[in-house]
Structure formats: C-alpha cells, structure tokens
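The block underneath contains the structure these notes are about, expressed in structure tokens.
Numbering (this note's numbering), first residue to last: 26 to 96.
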C-alpha cells in the first residue's frame, strides 16, 4: 500500500486556511481502495486516531467514527 498525505498542520500547530487540522487532529490522504483504507485505519487506531471524515458514499469502516463533511 502506498499512502500519500495531502496535508495536516504546521509544526507550531497552526493549519491556515483549514479549520479542521488544528494541532494535528486531522490528516488528509489521497483516496485508497477500501481494503487498504481499512488497513490504514486499523494502524492509526493503535495511535488513538479514531475519527474519519468521509464522503456521503463511503462505506462504514471498523475502528472509525464516520462523519459526513458538510460544505
């Protein structure tokens, strides 16, 4: 699996212009196949990353709280 991040926060904790990346609480990644996404979620779960914001049509993954990102 290749994981590519497209953003999180700066080293001092700021995240301009995003309001969702404060203090590293969020990491954007490129889309993964469902199998690989579940592997990534399981790995991150070991480090207490337990929430995932997904699109309306994404499946429910184990070890993640699915939220619909409102625009």
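Every residue gets a Cβ at the ideal spot worked out from N, C-alpha and C, and that includes glycine.
- In the three-state scheme derived from DSSP, where H, G and I count as helix and E and B as strand, residue 91 is classed as strand.
- Pairing residue 84 with residue 59 gives a Cβ-Cβ distance under 8 Å.
- Here the C-alpha atom of residue 68 lies approximately 16 Å from the C-alpha atom of residue 55.
- Non-local C-beta neighbours of residue 30 in its own chain, meaning closer than 7 Å and more than five positions away in sequence, comprise 52, 53, 54, ordered along the chain.
- In the DSSP assignment, residue 77 is bridged to 91.
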